[in-house]
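Protein chains in written order, with the working numbering: chain F, 221 to 605; chain Y, 119 to 401. This report refers to the structure that appears directly beneath it.
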Amino acid sequence: MPDNGCLTGEFFMNGDNACAEGAISAGCRFFAGYPITPATEIAERMSRRLPVVGGTYIQMEDEIASMAAILGASWAGVKAMTSTSGPGFSLMMENIGLGIMLETPCVVVNIQRAGPSTGLPTLIGQQDIMQARWGSHGSYEIIALSPDSPQQMFDLTIKAFNLSEKYRLPVLIMSDEVVGHMSEKVVMPEIRTEDLFYREMPQKGAAGYLPYKTNGSLVPPMAIAGQGHHFHVTGLTHDERGYPVMTSRAQDQLITRLVDKIRLNADDIIMCNDYMMEGAEIVVVAYGITARIAQFAVKQAREQGIKAGCLQLVTLWPFAERRIGQLASQVKAFVVPEINRGQIVYEVERCACGRARTLLVPHSGGEVHKPAIISAAIRECHADR
Amino acid sequence: MQIDDVTSYERSIAKYLRQDRLPHIWCAGCGIGPVLNCFLRAIDSAELNPDLVSVVSGIGCSGRVAGYVKLDSFHTTHGRAIPFATGLKLANPQLKTVVFSGDGDLVAIGGNHLIHAARRNIDMTVICINNFTYGMTGGQVGPTAPLDVRTATTPYGNFEPPFNLPWLLHASGASYIARWTVLHLHQLELTIVEALRRPGFSFIEVISPCPAIYGRMNKEPEGLDSLRNYIKRSVIKHGAGPRETAIDHKGPIVVGKFLDIDQPTLQDHLIGVAAKAKKPVKK
């Protein structure tokens with residue numbers, strides 16, 4: 221272990237633990253959480269690891285408090301994270317909105333289980349995808365990533381921190397119970413300073429600092445508490461000074477920037493993995509653990525002479541709309557397996573805009589798709605005339 | 119308008135005010151302004167480094183305090199000022215964190231966070247303006263409203279017993295508990311100084327008039343009516359036991375410093391955790 225307390229080397233561990241180690245490597249030094257299956261292992265590991273690396277772990281009284289606490293910690297200048305699952309994710313929604321409005325870097329991990337309500341606490345779902353996009357009230361853009369393995373739990377947690385610091389907003393890691401609980405090899409490289417992004421800050425004590433004044437980019441420098449800036453921030457619609465302004469004009473200026481800082485940087489944020497996409501006529505669009513099953517089905521289809529491929533959405537939000545739009549005029553059909561009754565499929569349909577068939581392969585949750593179900597959908601699309 | 123131009127203060131608090139945001143939104147006769155004044159004087163008297171003071175508010179009339187102080191200040195979500203301030207404090211223990219909010223925000227929607235912050239004995243000062251009502255939304259019944267009072271949602275009189283806040287905070291584990299009315303500004307200032315200077319969780323309840331809304335419905339339509347009422351009803355009793363501090367419709371309002379004890383703070387315990395964590399552990 222290097223002096224900084226970050227693990228390096230090869231490990232065999234589950235996704236929840238790999239996520240915690242990714243956070244430590246990303247420089248996360250504050251964690252607030254509340255026990256919930258199947259995300260608890262992240263909190264447990266953080267409670268053990270953070271005090272060793274000079275960080276602070278706190279178990280809050282609920283997920284509302286956990287989300288509020290990581291926002292506070294972030295404003296004290298510390299990279300902060302919380303983790304939860306469906307019911308807790310619902311409780312966090314209001315303060316995720318505060319994080320968007322105050323432009324607060326932090327990471328929220330959702331190890332999804334099947335719902336609604338208490339649902340299947342110990343079993344998989346991918347059912348909070350639209351909640352991740354629209355769960356807090358108001359008009360906004362969000363960043364959400366979807367890991368498919370313990371390795372990606374490590375890698376994408378670091379990526380999530382970097383994106384949150386760069387674009388100043390809560391970044392969501394939309395994992396699931398199977399990825400969280402499966403154990404696989406995880407390679408943890410040494411993370412160098414240049415691999416990590418830290419928010420741009422005003423100079424300490426700089427006169428005339430305005431909390432929401434941008435210079436060139438759409439992301440303003442962020443002051444932190446205790447540095448003498450004496451700044452004010454509010455969840456109310458505000459101007460460059462951070463002061464409330466109750467007009468539609470101020471609302472339009474602010475919301476347009478909050479939305480544009482993500483939309484106009486979508487190419488920097490969106491990550492997709494192509495699997496056997498050369499000349500593909502049937503494209504399976506999948507994410508998280510379902511992408512790995514889809515890849516198996518695609519490989520089988522190729523062996524049967526069907527030109528199938530898999531587009532894995534590593535970034536769920538902002539949605540890879542340009543990529544899907546381009547593919548729509550080249551391919552015959554999109555097959556969209558997801559462990560819900562239809563969420564991302566609506567985005568695929570929207571972007572395909574009638575140019576290619578879109579076939580949902582739904583699953584109510586509790587287990588992953590059987591490859592044969594996805595294979596059957598691929599064959600069905602292949603048989604279309 | 120510059121504050122210094124129009125009034126003379128024994129000490130200048132103008133430097134702690136966001137003067138470019140004045141005039142404030144509070145109604146004539148409201149008690150929040152005087153309490154804010156006391157708080158700013160107390161920061162001066164306590165000789166705190168203002169760079170290290172953070173003020174966190176929730177939502178409501180009292181929640182607007184954060185917007186008028188020229189300190190690092192956070193206007194957060196309804197009821198969540200305390201957990202936000204908890205993150206702020208834990209991530210930078212050097213900060214002096216003050217939560218300034220109202221009874222509805224801190225005790226109803228934020229009640230769970232209030233009792234848990236007291237239980238943890240985190241270094242934090244909570245100033246709770248108690249005007250028995252939700253002023254910002256038009257005067258609905260609040261969790262501290264005495265039985266029988268009229269509010270926008272209790273047209274036949276309040277039918278729910280209120281919280282006795284000193285008792286609640288005492289039972290929850292706070293280190294320092296005091297209550298004053300806005301009549302007791304001198305005592306309030308000294309109390310805030312004491313709270314700011316001490317470690318652990320301190321809770322200061324300030325009984326405050328809301329003449330425009332609550333008062334209008336309860337025969338105190340002017341701020342002065344409430345003050346006369348406080349003169350008549352308030353009883354200073356330091357060290358009063360929790361059972362003595364309930365407030366009803368007409369009886370005495372017991373004020374004073376009720377609790378002031380030394381006990382290990384959350385930060386003390388966390389230092390212990392850090393020391394244990396850094397020792398090599400057997401696998």
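No residue lacks a Cβ here, since even glycine has one placed at the ideal position from N, Cα and C. Note that this is a predicted model, so its numbers are computed, not measured.
In the region 309 to 373 of chain Y, which residue ranges form an unbroken alpha helix (DSSP H) of at least 4 residues, counting only runs that do not cross its ends? 341 to 351
For the region 523 to 537 of chain F, which residues have a CB atom closer than 7 Å to at least one CB atom of chain Y, in sequence order? none
Along chain F, which residues have their Cβ under 7 Å away from the Cβ of L388 (chain Y)? T276
Buried/exposed call for M301 (chain F), threshold 16 Cβ in 10 Å: buried
Does V272 (chain F) have its Cβ less than 9 Å from a Cβ in chain Y? yes
Under 9 Å, Cβ to Cβ, is there at least one residue of chain Y near I290 (chain F)? yes
When Y:H142, Y:I131, Y:K133 and Y:A160 are compared against Q305 (chain Y), the one with the closest alpha-carbon: Y:A160
Can you tell me which of the three DSSP states K519 (chain F) falls into? helix
Could you compute how far the alpha carbon of T262 (chain Y) sits from the alpha carbon of A289 (chain Y)? 17 Å
What would DSSP say about L438 (chain F), mapped onto helix, strand or coil? coil
Counting Cβ pairs closer than 8 Å, one from the region 361 to 381 of chain F and one from the region 227 to 247 of chain F, do we hit at least three? yes
Confirm, please, whether the CB-CB distance from I393 (chain F) to P367 (chain F) is below 9 Å. yes
If I'm right that L301 (chain Y) touches Y348 (chain Y) with Cβ under 8 Å, what's the distance once you round it to whole angstroms? 4 Å
Does the region 208 to 220 of chain Y touch the region 173 to 182 of chain Y, meaning 3 or more C-beta pairs lie closer than 8 Å? yes
Count the other CB atoms, across all protein chains shown, that sit within 10 Å of the CB of D380 (chain Y); report buried if there are 16 or more and exposed otherwise. exposed
From I354 (chain Y) to V372 (chain Y), what does the alpha carbon distance come to, in whole angstroms? 6 Å
Within the same chain, show all residues whose beta-carbon is closer than 6 Å to that of E128 (chain Y), passing over the 5 residues directly before and after it, in chain order. Confidence is the limiting factor: at E128 (chain Y) the pLDDT is only 48, short of 50, which leaves the residue's position unreliable, though a coordinate-based value still follows. Contacts found: none.
Helix, strand or coil for S384 (chain F)? Go by DSSP, reduced to three states. helix
Assuming M335 (chain Y) contacts G256 (chain Y) under a Cβ cut-off of 8 Å, what Cβ separation, rounded to an integer in Å, is found between them? Wrong, their Cβ atoms sit about 11 Å apart, outside the cutoff.
Closest Cβ-Cβ distance between L478 (chain F) and chain Y: below 9 Å? no
For I121 (chain Y), decide whether its Cβ has a neighbour in chain F, counting only Cβ atoms nearer than 9 Å. Here I121 (chain Y) scores only 49 on pLDDT, less than 50, and its place in the model should not be relied on; the value that follows carries that caveat. No, I121 (chain Y) does not count as interfacial toward chain F.
Can you tell which of F:E261, F:G247 and F:G545 has the C-alpha that lies nearest to the C-alpha of M402 (chain F)? F:E261
Applying a beta-carbon distance threshold of less than 8 Å, which residues of chain F neighbour I383 (chain Y)? For the sequence presented, residue 383 (chain Y) should be read as Thr rather than Ile. Going along chain F, no residue has its Cβ under 8 Å from T383 (chain Y), so there is no contact; the nearest lies around 14 Å.
Can L580 (chain F) and E600 (chain F) be called in contact, C-beta distance under 9 Å? no
Could you pull out every residue in the same chain whose Cβ sits closer than 8 Å to the Cβ of L206 (chain Y), ignoring the five residues on either side in sequence? S172, V174, F192, L213 and T215
Identify the continuous beta strand (DSSP E) that holds G555 (chain F) and give its terminal residues. Note on identity: in this sequence residue 555 (chain F) is Val, with Gly being the wrong assignment. Where V555 (chain F) is concerned, the enclosing beta strand (DSSP E) stretches over A553 to E558.
Quick one: what's got a C-beta closer than 8 Å to E351 (chain F)'s C-beta in the same chain, skipping five residues either side? Residue 351 (chain F) is actually Gln in this sequence, not Glu. Hits under 8 Å: F309, S310 and M313.
Smallest Cα separation from R570 (chain F): which of F:Q550, F:R542, F:R561 and F:L531? F:R542
Answer yes or no: do S305 (chain F) and I331 (chain F) have a C-beta to C-beta separation smaller than 9 Å? yes
Please identify the residue among F:S549, F:V556, F:T476 and F:G339 whose C-alpha is closest to the C-alpha of Y507 (chain F). F:V556
In terms of residue numbering, what span does the alpha helix (DSSP H) encompassing Y277 (chain F) cover? Looking at the DSSP string, Y277 (chain F) is not in any alpha helix (DSSP H); the run it does join, the beta strand (DSSP E), is T276 to Q279.
Same chain only: Cβ atoms within 7 Å of S267 (chain F), ignoring 5 sequence neighbours per side: Y277
Does the region 128 to 148 of chain Y come close enough to the region 574 to 593 of chain F that 3 or more CB-CB pairs lie under 8 Å? no
Just curious, the beta strand (DSSP E) that Q332 (chain F) is in, first and last residue? C326 to A334
Of the listed residues Y:G357, Y:A184, Y:G185 and Y:F202, nearest to E281 (chain F) (C-alpha basis): Y:F202
Bounding residues of the alpha helix (DSSP H) (the contiguous stretch that carries T204 (chain Y)): A199 to A209
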